[in-house]
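Accompanying notes for the structure given below.
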Amino acid sequence: MERYSRITDKNRREIVLLRAFPCAWGKCTFCDYIEDNGKDETELVCQNREVLKETTGEFGVLEVINSGSCFELPKETLEDIRKIVEEKGIRRLIFESHWIYRKRLQEMRDFFGIPVTYKIGIETFDHDFRENVLNKHADFQSPEEVAALFDSICLMVGIQGQTKEMIRNDISVLKKYFNHGTVNVYNNNSTPVKRDEELVRWFMEEYRWLLDDPDVEVLYEITDFGVG
Numbered sequence: 054m055e056r057y058s059r060i061t062d063k064n065r066r067e068i069v070l071l072r073a074f075p076c077a078w079g080k081c082t083f084c085d086y087i088e089d090n091g092k093d094e095t096e097l098v099c100q101n102r103e104v105l106k107e108t109t110g111e112f113g114v115l116e117v118i119n120s121g122s123c124f125e126l127p128k129e130t131l132e133d134i135r136k137i138v139e140e141k142g143i144r145r146l147i148f149e150s151h152w153i154y155r156k157r158l159q160e161m162r163d164f165f166g167i168p169v170t171y172k173i174g175i176e177t178f179d180h181d182f183r184e185n186v187l188n189k190h191a192d193f194q195s196p197e198e199v200a201a202l203f204d205s206i207c208l209m210v211g212i213q214g215q216t217k218e219m220i221r222n223d224i225s226v227l228k229k230y231f232n233h234g235t236v237n238v239y240n241n242n243s244t245p246v247k248r249d250e251e252l253v254r255w256f257m258e259e260y261r262w263l264l265d266d267p268d269v270e271v272l273y274e275i276t277d278f279g280v281g
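Quick note on numbering: the sequence shown equals residues 54 to 281 in this note's numbering.
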């Protein structure tokens, strides 16, 4: 398991994969990522501290990801991140949060005292597929609701049951309402949700131009950011 990486092409930054307490929602049908979480606070803090030691501050930007939302990281780990921010001259942090924490976003900005960019895993703006198939528990009704709170979205493409029209709409919404986005090409895991190979091939051909878009990162493999 790689937990530290440097992104040197689009949006240059350092990235750390930390461990946190169990995801507050933890019921998305496609996700087994939550198996990386834990309940032993001492173990989590110690492991996270070792990962954070890798941070150099080279780009002034640090992205922190974990198996859920940033609000599930141990308090002591947040204190360690704040020390890294001060010692390494980090000018901006990037966190990910579930929709259920949308009213708490300012807390992290106040705690760290520097700009915080928030990502949110939308997966798709098709409400029926997102809620009834993927079980995301993100009941917003419009892209504008999300854009008013979050800076960047994560989409998922290539799932059985998904359609080309859904994907076309999602990419259109991403480009219209958000300054940045990540598109994850779905990879089979231990869950019953399966990849649609034909849809993936279509997407990679139809949206090849996204690979050159400075504001969109396409992850064909889940480890494309160098962690995981």
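Note that beta-carbon positions come from the ideal geometry of N, C-alpha and C, so glycine has one too.
- Task: Closer than 8 Å by C-beta to Asp62: which residues in its own chain qualify, once you throw out the five before and the five after it? Chain order, please.
- Result: If the five residues before and after Asp62 are omitted, its C-beta is found closer than 8 Å to no C-beta atom of its own chain.
- Mind checking Gln215: buried by the 16 CB within 10 Å criterion, or exposed? By the 10 Å Cβ count, Gln215 comes out buried.
- Within 10 angstroms of its Cβ, does Thr109 collect 16 or more other Cβ (buried), or is it exposed? Thr109 is exposed by the Cβ-count criterion.
- Item | Start and end residues, alpha helix (DSSP H) containing Asn237 | Looking at the DSSP string, Asn237 is not in any alpha helix (DSSP H); the run it does join, the beta strand (DSSP E), is His233 to Val238.
- Message: Can you look up Phe83 in the DSSP assignment and give me helix, strand or coil?
- Response: Here DSSP, grouped into helix, strand and coil, assigns Phe83 to coil.
- Query: Near Tyr239, which residues of its chain fall below 6 Å by C-beta distance, leaving aside the five closest residues on each side in sequence?
  - Reply: Here Tyr239 has Met209, Gly211, Ile212 and Arg248 as same chain residues with Cβ atoms under 6 Å from its own Cβ, once five neighbours each way along the sequence are excluded.
- Task: Kindly indicate which three-state DSSP category Arg144 falls into: helix, strand or coil?
- Result: Residue state, collapsed to three classes: coil.
- Message: Distance check for Asp163 and Leu115, CA to CA, integer angstroms please.
- Response: Distance between the alpha carbons of Leu115 and Asp163: 17 Å.
- Message: Using 8 Å for Cβ pairs, my map puts Phe203 next to Ile173. What's the rounded Cβ distance?
- Response: About 4 Å separates the two Cβ atoms, so the contact holds.
- Item | Secondary structure of Glu88, DSSP reduced to three states | In the structure shown, the three-state DSSP call for Glu88 is helix.
- Query: Considering only residues of the same chain and omitting the five flanking positions on each side of His190, which have a CB-CB separation below 6 Å?
  - Reply: Non-local beta-carbon contacts of His190 in its own chain, meaning distances under 6 Å to residues more than five positions away in sequence, involve Trp78 in chain order.
- Output yes or no for whether 8 Å exceeds the beta carbon distance between Tyr222 and Cys81. Inspection of the sequence shows that residue 222 is occupied by Asn rather than by Tyr. Not closer than 8 Å, so no.
- Task: Closer than 8 Å by C-beta to Thr95: which residues in its own chain qualify, once you throw out the five before and the five after it? Chain order, please.
- Result: For Thr95, where only same-chain residues beyond five positions count, there are no Cβ hits under 8 Å.
- Task: Could you check the C-alpha separation between Cys84 and Thr244 for me, to the nearest Å?
- Result: Rounded to the nearest angstrom, the two C-alpha atoms are 7 Å apart.
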